[in-house]
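Enquirer: Numbers given in the numbering used here equal positions in the sequence shown, counted from 1, plus 1. A virtual CB, placed ideally from N, CA and C, is assigned to each residue, including glycine. A quick note: this is a predicted structure, and the numbers were derived from the prediction, not measured.
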Amino acid sequence: MTSTNSSTGPAADFNHPPAAWQSAVGISLALASNAFIGASVVFRKRGLIDLASSGHDIASGSTAYLRNVYWWLGMLLLAIGEVSNFGAYAFSPAILVTPLGTLSVVISAVLASYFLKERLTTLGKLGCALCILGVVMIVTHAPTAQTTATVPEFIYHATQPVFIGAVLAVLIYYAEPRYARTNPFVYVAMSSCGGAYLVLSAQGVGSSIVTTVRYFPENNQFLQWPMYPLILFMVLTIVFQITYLNKAMAAYSTAIIYPIHYVCFTGVTIISTAFLFREFPVTSLDSGASIVEGFLVLVAGVILLYMSNLEELNKIESEKGKIQDMETEVGDLETVLVDRENRESVRPSLSQSHDALSRSSFQQQRQRRRSSHLNEENGAFLVNRDAGWEEREQLPQYEKS
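1) Rounded to whole angstroms, what is the Cα-Cα separation between L1 and S41?
2) Could you pull the start and end residues of the alpha helix (DSSP H) that A203 belongs to?
3) Relative to the alpha-carbon of I210, which residue among F92, V187, V70 has its alpha-carbon at the smallest distance?
4) With 16 other CB atoms within 10 Å as the buried threshold, where does E154 fall?
5) Tell me whether N35 sits in a helix, a strand or coil according to DSSP, three-state version.
6) Along the alpha helix (DSSP H) that carries I133, what are the first and last residues, could you check?
7) Whole beta strand (DSSP E) runs in the stretch 227-299 with 3 or more residues, listed along the chain?
8) Indicate whether the contact test is met: 3 or more Cβ pairs, each with one atom in the stretch 262-277 and one in the stretch 188-202, closer than 8 angstroms.
9) What residue does the alpha helix (DSSP H) around I96 start on, and which one ends it?
10) Any idea what DSSP makes of N220, helix, strand or coil?
11) Measure the C-alpha to C-alpha separation of G56 and T64 and round it to an integer number of angstroms.
12) Excluding sequence positions up to five away, which residues of its chain have a Cβ less than 7 angstroms from the Cβ of R47?
13) Buried or exposed for T274, please, with buried defined as at least 16 other CB atoms from any protein chain shown within 10 angstroms of its CB.
14) Which residue's Cα is closest to the Cα of L52: Y66, G39, F44?
15) Specify whether the stretch 288-297 and the stretch 221-228 touch according to this definition: at least 3 beta carbon pairs, one from each stretch, less than 8 angstroms apart.
16) With distance defined between alpha-carbon atoms, name the residue in L237, V236, G205 nearest to F223.
17) Would G102 and S309 qualify as a contact pair, given that the criterion is a beta-carbon distance under 9 angstroms?
18) Would you mind reading off the limits of the alpha helix (DSSP H) that contains E83?
19) Is L286 buried or exposed, if buried means 16 or more other CB atoms sit within 10 Å of its CB?
20) Please confirm whether A113 and G82 have their CB atoms less than 9 angstroms apart.
21) Using beta-carbon positions only, say whether L104 and P144 come within less than 9 angstroms of one another.
22) For G56, which three-state DSSP category applies?
23) Leaving out five residues on either side along the sequence, give the residues of the same chain with a beta carbon under 6 angstroms from the beta carbon of A1.
24) Keeping to the same chain, check which residues put their C-beta closer than 8 angstroms to that of S85; ignore five residues upstream and five downstream.
25) Express the C-alpha separation of F266 and I304 in angstroms, rounding to a whole number.
26) May I ask you to report which of helix, strand or coil DSSP gives E154?
27) Considering only residues of the same chain and omitting the five flanking positions on each side of P218, which have a CB-CB separation below 8 angstroms?
28) Please report the distance separating the alpha-carbon of Y301 from that of I133.
29) At the level of alpha carbons, what is the spacing between A252 and D340?
30) Report all residues from its chain with a CB closer than 7 angstroms to the CB of T238; omit the five preceding and five following residues, and keep chain order.
31) Below 7 angstroms CB to CB, which residues in the same chain sit around A25 once its five sequence neighbours on both sides are set aside?
32) By the 10 Å Cβ neighbour count, where 16 or more other Cβ atoms means buried, how is S208 classified, buried or exposed?
33) In whole angstroms, give me the CA-to-CA distance for I243 and P185.
34) Taking only three categories from DSSP, how would you classify A103?
Set out below in structure tokens:
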């Protein structure tokens, strides 16, 4: 039997305090996870760049990336990173692990500047520095002990009224049909709510697995039937989060979506943790203020990073526009040259036709003149002939006289 506490819920069957190494393992796994995920982005992008240079169009459905070594290395690093991230939630609270996710953005930006030759601007470097500063502020002030260790403890908290459920219901049934197409916050907020539920369920499953490993077989959490609906719920939240994040990405620019998604996801995770366990997970007011300040510094760093990316994208688009204008001008010039060549090729034939017509008309005029002259000569001949006949008729009369 489990005893029930009015404030903390049912106690664990074996109420052991967390080991001192658990927090160190959780932070180490979180850092390793973000390093793997950040590196995976660079390797996958390198593979896609190689494929694009070879003439393969991935956007058109080409599967040539399945034969690319860099792409598979990136996918392997991504899988290792996600497993490490799940382990981090098993050993450390969500308020500590979730903000560390921004390090993957910093790592990918730094590695891309070296391996992909992408330019990291001064604004981007400042954003990276702010992200690191915010992470340090959160890590040094956030609690390191898990709130729950067993499935019954987590289920007790999860079955209590949760504010985030009401927020999600309002977003699905009211905000999405009306504002999702005109405001990117709606889809991102829904995806963030799904992500927050994913984090909490992963925290419950992960901490239960750690308890099982530490105290097996006497405290095997897999013998608790709620463990399996919780795993199913975790899978459903993954699908929910990806679905609405894809909707947001399809409707709006990535440079707009990612900062909003990061801010919403981290904020909703912290708020949902507070509502789930009915307390803000900090040890003192000063620690809470430092965590909030660190979170705001993180947000500023992420915004600066993506502003730098947006600046580079605008430059690239501007260069593409100039190239397109040059291609248009070259095409127009080629059209003019072709028209000129066509006119030049047509002009001799026109000249020849004109000369032929001129010669024909000249010959016709000459023929008409000749005919006229002949007619005149014939007329004079006839006149003279008639006159001669008259003379000949008159001669005998003259001679007779």
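Expert: Put simply:
1) Residue numbering for the chain in the displayed model covers 2 to 402; residue 1 lies beyond these limits and cannot be assessed.
2) Here residue 203 corresponds to residue number 202 of the sequence shown, with the count starting at 1. Bounds of the alpha helix (DSSP H) holding A203 are 185-216.
3) Taking the first residue of the sequence shown as 1, we reach residue 210 at position 209. Of F92, V187, V70, the residue nearest in Cα terms is F92.
4) As a working mapping, residue 154 is identified with position 153 in the sequence shown. Result: buried.
5) As a first step, residue 35 is located in the sequence shown; it is residue number 34 there, counting from the start. Collapsing the DSSP output to three states places N35 in a helix.
6) Residue mapping note: residue 133 aligns to position 132 of the sequence shown, counting from 1. If you look at I133, you'll find it in the alpha helix (DSSP H) that goes 123-142.
7) Qualifying beta strand (DSSP E) stretches: none in this window.
8) The stretch 262-277 makes contact with the stretch 188-202: 3 or more CB pairs, one atom from each, lie closer than 8 angstroms.
9) Start at 1 with the first residue of the sequence shown, and residue 96 comes out as number 95. For I96, the uninterrupted alpha helix (DSSP H) run begins and ends at 95-98, by DSSP.
10) The residue you call residue 220 lines up with position 219 of the sequence shown. Of the three classes helix, strand and coil, the one that applies to N220 here is coil, per DSSP.
11) Taking the first residue of the sequence shown as 1, we reach residue 56 at position 55. Taking the first residue of the sequence shown as 1, we reach residue 64 at position 63. Their backbone Cα atoms lie some 12 angstroms apart in a straight line.
12) For this step, residue 47 is matched to residue 46 along the sequence shown. Answer for R47: Y71, F116, L117, listed in chain order.
13) Reading the sequence shown from its first residue, position 273 is the one you call residue 274. Classification for T274: buried.
14) Reading the sequence shown from its first residue, position 51 is the one you call residue 52. Checking every option, the nearest Cα to that of L52 belongs to Y66.
15) These segments do not touch.
16) For this step, residue 223 is matched to residue 222 along the sequence shown. Comparing Cα-Cα distances from F223 to each of L237, V236, G205, the minimum goes to G205.
17) Working through the sequence shown from its first residue, we reach residue 102 at position 101. Working through the sequence shown from its first residue, we reach residue 309 at position 308. In this structure, G102 lies away from S309, with their beta-carbon atoms at least 9 angstroms apart.
18) Numbered from 1 along the sequence shown, position 82 holds the residue referred to as residue 83. Per DSSP, E83 belongs to the alpha helix (DSSP H) from 70-92.
19) Residue numbering aside, residue 286 sits at position 285 when the sequence shown is read from its first letter. By the neighbour-count rule (16 or more Cβ atoms within 10 Å), L286 is not buried but exposed.
20) On the sequence shown, position 112 is the one that residue 113 refers to. On the sequence shown, position 81 is the one that residue 82 refers to. The answer is no: Cβ separation not under 9 angstroms.
21) Counting from one through the sequence shown, the residue named residue 104 turns up at place 103. Counting from one through the sequence shown, the residue named residue 144 turns up at place 143. With respect to P144, L104 sits apart: the two C-beta atoms are not nearer than 9 angstroms.
22) Numbered from 1 along the sequence shown, position 55 holds the residue referred to as residue 56. DSSP places G56 in coil when its eight states are reduced to three.
23) Coverage of the chain is limited to positions 2 through 402, which leaves residue 1 absent and any answer about it impossible.
24) Here the question's residue 85 lines up with position 84 in the sequence shown. L30, A31, A33, S34, F37, listed in sequence order.
25) Counted from its first residue, the sequence shown places residue 304 at position 303. Counted from its first residue, the sequence shown places residue 266 at position 265. Whole-angstrom Cα-Cα distance: 15 angstroms.
26) Taking the first residue of the sequence shown as position 1, residue 154 is located at position 153. If DSSP states are grouped into helix, strand and coil, E154 belongs with the helices.
27) Locating residue 218 in the sequence shown gives position 217, counting from the first residue. In the same chain as P218, and ignoring 5 residues on each side of it, no C-beta atom comes closer than 8 angstroms to its own.
28) Here residue 301 is taken as the residue at index 300 of the sequence shown, counted from 1. Here residue 133 is taken as the residue at index 132 of the sequence shown, counted from 1. Note on identity: in this sequence residue 301 is Ala, with Tyr being the wrong assignment. Each residue's alpha carbon lies about 11 angstroms from the other.
29) As a working note, residue 252 is residue 251 in the sequence shown. As a working note, residue 340 is residue 339 in the sequence shown. Straight-line Cα distance between these residues: approximately 44 angstroms.
30) Looking up residue 238 in the sequence shown gives position 237. These residues qualify, in order along the chain: G195, Y198, L199, S202.
31) Taking the sequence shown and counting its residues from 1, the one referred to as residue 25 is at position 24. Nothing listed; no residue qualifies.
32) Within the sequence shown, numbered from 1, the residue matching residue 208 stands at position 207. S208 comes out buried.
33) The sequence position of residue 243 within the sequence shown is 242, counting from 1. The sequence position of residue 185 within the sequence shown is 184, counting from 1. Here the alpha carbons of P185 and I243 stand approximately 15 angstroms from one another.
34) Taking the sequence shown and counting its residues from 1, one reaches residue 103 at position 102. It should be noted that the sequence gives Thr, not Ala, for residue 103. In the structure shown, T103 sits in a helix (DSSP, three-state: H, G or I).
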